[in-house]
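Quick notes on the structure that follows.
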Amino acid sequence: MLMKICLVGVSCVGKTTIGKGLAARLGYTFFDLDTEIEHAFGTSIERLKAKLLTASAFRQKAAQVLKHLVCQQEKPHCVVALPPSGLMDHYARVLKQGACVTIALYDRPENILARITFYDKDSHPIHKALSAAEKAYYLREITADMTYFGPWHRKSSYPKI
13 MLMKICLVGV
23 SCVGKTTIGK
33 GLAARLGYTF
43 FDLDTEIEHA
53 FGTSIERLKA
63 KLLTASAFRQ
73 KAAQVLKHLV
83 CQQEKPHCVV
93 ALPPSGLMDH
103 YARVLKQGAC
113 VTIALYDRPE
123 NILARITFYD
133 KDSHPIHKAL
143 SAAEKAYYLR
153 EITADMTYFG
163 PWHRKSSYPK
173 I
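In the working numbering, the protein residues as written are 13 to 173.
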């Protein structure tokens with residue numbers, strides 16, 4: 013039986029960490045979609061988004077990479093970490109084609125904030141010590157992302173793990 017497992021959730025919820033561990037336990041290949049998109053297009057996510065007019069146009073382009081990952085026969089078993097928008101429009105159609113099992117990961121905003129990583133325009137990590145005001149701001153942003161993406165995440169095969 014072919015098994016393709018896709019993890020979705022807000023940024024820094026643990027999709028990559030859990031995905032790598034799950035893939036290792038199952039003997040599957042692990043893919044981080046953001047990394048695969050950057051390799052496929054030869055540029056950072058931020059720079060690719062800047063070239064396209066809308067978020068939907070970016071997802072349409074990125075869905076080509078997802079399709080390659082989940083519809084390829086040479087790697088029938090895989091775990092893929094999706095972006096927060098991973099169950100929206102273009103992505104959702106590809107996941108349905110690939111008969112993927114989707115799992116939504118959740119955590120408390122405070123835990124997500126503790127894991128937050130910032131990147132420059134070229135996807136290089138930036139170390140940033142947050143002030144109390146910045147922490148409050150990012151907690152609001154994380155909560156807003158959870159609210160915004162929640163309806164799509166609840167459509168996963170296994171919502172709220």
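Glycine included, every Cβ here is placed at the ideal spot set by N, Cα and C.
Original post:
Just the Cα atoms here: how many angstroms apart are L94 and L64?
Top reply: What you label residue 94 is simply residue 82 of the sequence shown in a count that begins at 1. What you label residue 64 is simply residue 52 of the sequence shown in a count that begins at 1. About 20 Å.
**OP:** Please classify Y160: does DSSP put it in a helix, a strand, or coil?
**Re:** For the purposes of this step, residue 160 is identified with residue 148 of the sequence shown, where counting begins at 1. Helix, per DSSP.
Original post:
Whole-angstrom Cβ separation of L99 and C90, contact assumed at under 8 Å?
Top reply: Within the sequence shown, the letter at position 87 stands for residue 99. Within the sequence shown, the letter at position 78 stands for residue 90. Incorrect: roughly 17 Å between the Cβ atoms, too far for contact.
Subject >> Pick from I17, V20 and C24 that is closest to Y131, judged by C-alpha positions >> reply: As a first step, residue 131 must be located in the sequence shown, where it is residue number 119. That would be C24, whose Cα lies nearest to the Cα of Y131.
Original post:
Can the beta-carbon of V92 be found closer than 9 Å to that of I17?
Top reply: Here the question's residue 92 lines up with position 80 in the sequence shown. Here the question's residue 17 lines up with position 5 in the sequence shown. Taking 9 Å as the Cβ cut-off, V92 and I17 qualify as a contacting pair.
Subject >> DSSP beta-bridge partners of P95 >> reply: For the purposes of this step, residue 95 is taken as residue 83 along the sequence shown, with counting starting at 1. DSSP, once it has assigned bridges, lists no residue as partnering P95.
Original post:
Do you know offhand how far G162's Cα is from I124's?
Top reply: Working through the sequence shown from its first residue, we reach residue 162 at position 150. Working through the sequence shown from its first residue, we reach residue 124 at position 112. Distance between the alpha carbons of G162 and I124: 15 Å.
Subject >> Which listed residue (S168, L38, G39 and P121) has its alpha carbon closest to that of Y150 >> reply: The count along the sequence shown starts at 1 and reaches residue 150 at position 138. The shortest C-alpha separation from Y150 is found at P121.
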